[in-house]
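Here's the structure we're looking at; comments come further down.
Number of protein chains: 4
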Amino acid sequence: MFSNTSEVEIQFGDCDPAGIVYYPNYFRFFDNATAALLSAAFKMHKRHWIAHHGIVGIPMVDTGAKFSRPSRFGDVVEIRSEITDLGRSSFGVRHTLFNEGEIAIEAHEKRVWVGRDPQDSEKIISLPIPDDVRAALG
Amino acid sequence: MFSNTSEVEIQFGDCDPAGIVYYPNYFRFFDNATAALLSAAFKMHKRHWIAHHGIVGIPMVDTGAKFSRPSRFGDVVEIRSEITDLGRSSFGVRHTLFNEGEIAIEAHEKRVWVGRDPQDSEKIISLPIPDDVRAALG
Amino acid sequence: MFSNTSEVEIQFGDCDPAGIVYYPNYFRFFDNATAALLSAAFKMHKRHWIAHHGIVGIPMVDTGAKFSRPSRFGDVVEIRSEITDLGRSSFGVRHTLFNEGEIAIEAHEKRVWVGRDPQDSEKIISLPIPDDVRAALG
Amino acid sequence: MFSNTSEVEIQFGDCDPAGIVYYPNYFRFFDNATAALLSAAFKMHKRHWIAHHGIVGIPMVDTGAKFSRPSRFGDVVEIRSEITDLGRSSFGVRHTLFNEGEIAIEAHEKRVWVGRDPQDSEKIISLPIPDDVRAALG
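Chains as they are written, first to last, in this note's numbering: chain G, 5 to 142; chain Y, 5 to 142; chain R, 5 to 142; chain C, 5 to 142.
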């Protein structure tokens, strides 16, 4: 399915007193990587495709990561992101973070395609993923 | 003028590879301290006083800090916050951060009382600070 | 096994443009909750037990979370944390985050007890969890 | 004096419920911009020049920022950074953040060149800025 690669330069402030990336920051990197993945698939920036598709967002419902190697200030890591499955209104993403060509982290996400309930605009509901989105991500 | 004291326990993830608080995080602590200051003055939580006063927020227009002593993971620091001046639609705040009774940081802020333009709800404009707010903060 | 409950007040800056907690911040909350859990078990602050036990830290090797309800600015959430298993040199933690009494997130962690290699102080190695630690966490 | 320009793409998670960059994050951007400025001047990455010059770091002693325009998710902002003065053991930096060619923020920093006290390696002291550093930054 659709995939994309993005790069992150680890900054001093991303690291903790142990001198390695503070792991919650990886989830920030992965969130950015998913935005980049869908932006590449849709050939427009996330702030445009949110409006273009008439959705509120793609909230996370399930994520996890296995950490096999630490990264440090100044490392430039590569994140390979790919769609792993397309459900009716949810989709999966896998991120593999490489540091100097070695796998450092394997992560997965499940996200939902959500919009406003036409009956009650205060309410957020999951929506079927439209065919053009399905084609772009598949 | 009105003042309030809040406490912050420095967490591992607030610190950088030098083992001290990564300084941008202090601005996060000060933003929280200003929310606590106004919540104490208004006797209601920020998420209520934003709605209660019909404003959009209190955006920062000018801030600065002098750092005289570092703080570390596990330190419990005290932030004394006080209103320093009340303009027509802006106000000043001073934060003094104490670590074990010694001044570690002195910071100042200038914030604006803003709401939606009644002529154009997309536009944000500064609003005169109402008399009851002025009384609570003065 | 050992458990502990901690509280977090959601701050404005913890939330994203969708108005809900930006999910990477939950991993920061859970990291703090694990520090609080072990500090409660060891009856001393993390910065003391790291030194007391002669370790470098308890790095994360595997974590994940399922998100069932969003939390918002001003919510005070409760995190119940418990040890789920004790291996030779690793241990598991489960965090359940409650918002107004309802489960909002279920998360799990696997962490390793690590120290410096006595043969090569530059190298970090996993160490057997000592008996007193095992007793305190069990 | 020496100057450098860097670019930042504003990410979703950099923004707050008001939909604009949460201002403490700008200080993170500026810290990265100062690292990039000195790395450009020294023609090596910060993690190398810290070791190369035998220092512990360049801690912040005074910073401030004036915010004239907000930035939003998806904006690509430009930060022009320049050395403004070179003292015996401290130096000043000015950052100007541009959004679509307009000044959005003006910030300043004062940082100190620090290393370990040769008499007591636990102690951090300010050191005279060496001539080659002075030449590179001037």
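Where a beta carbon is used, it is the ideal one built from N, C-alpha and C, also for glycine.
Contacting residues, own chain, Cβ-Cβ under 8 Å from residue i (five flanking each side not counted)
| i | result |
| --- | --- |
| alanine 108 of chain G | Phe71, Ser72, Arg73, Pro74, Ser75, Val81, Leu101, Phe102 |
| lysine 127 of chain Y | Arg120, Asp121 |
Proximity of residue i and residue j at Cβ, strictly below 8 Å
| i | j | result |
| --- | --- | --- |
| proline 21 of chain G | aspartate 35 of chain R | no |
| isoleucine 172 of chain Y | methionine 5 of chain Y | Not covered by the structure: residue 172 of chain Y. The range shown for chain Y is 5 to 142. |
| leucine 90 of chain G | isoleucine 59 of chain G | no |
Outcome for residue i when other beta-carbon atoms lying within 10 angstroms are tallied against a minimum of 16
| i | result |
| --- | --- |
| serine 125 of chain C | exposed |
| glutamine 123 of chain R | exposed |
Through-space distance from residue j to residue i, alpha-carbon basis
| i | j | result |
| --- | --- | --- |
| aspartate 135 of chain C | glycine 142 of chain C | 10 Å |
| glycine 23 of chain R | isoleucine 129 of chain R | 42 Å |
| tryptophan 117 of chain G | glycine 61 of chain G | 7 Å |
| glycine 119 of chain C | alanine 40 of chain C | 20 Å |
| histidine 52 of chain G | serine 10 of chain G | 19 Å |
| glycine 105 of chain R | serine 85 of chain R | 15 Å |
| leucine 131 of chain Y | serine 93 of chain Y | 6 Å |
| arginine 98 of chain C | proline 63 of chain C | 15 Å |
| glycine 17 of chain C | glycine 17 of chain R | 10 Å |
| arginine 115 of chain C | threonine 67 of chain C | 9 Å |
| valine 25 of chain G | tyrosine 26 of chain Y | 13 Å |
| histidine 56 of chain G | histidine 57 of chain Y | 34 Å |
| isoleucine 54 of chain Y | tyrosine 30 of chain G | 33 Å |
Same chain, Cβ closer than 6 Å to residue i, five either side skipped, listed in chain order
| i | result |
| --- | --- |
| histidine 49 of chain G | Ser43 |
| phenylalanine 33 of chain Y | Val12 |
| aspartate 79 of chain G | Ile14, Asn103 |
| serine 7 of chain R | Glu86 |
| valine 65 of chain R | Lys114, Val116 |
| lysine 47 of chain G | none |
Nearest-angstrom Cβ-Cβ length linking residue i and residue j, presumed shorter than 8 Å
| i | j | result |
| --- | --- | --- |
| threonine 38 of chain G | glutamate 110 of chain G | Incorrect: roughly 15 Å between the Cβ atoms, too far for contact. |
| alanine 140 of chain R | alanine 45 of chain R | 4 Å |
| phenylalanine 185 of chain G | cysteine 19 of chain G | Because chain G is modelled from 5 through 142, residue 185 of chain G falls outside the range shown and cannot be assessed. |
Proximity test, residue i beta-carbon vs the ligand GDP heavy atom, cut-off 7 Å
| i | result |
| --- | --- |
| asparagine 29 of chain R | By its list of ligands, the structure shown contains no ligand whatsoever, and the ligand GDP lies outside what it can speak to. |
Spatial neighbours of residue i in its chain, beta-carbon cut-off 7 Å, leaving aside the 5 residues before and after
| i | result |
| --- | --- |
| arginine 138 of chain Y | Leu90 |
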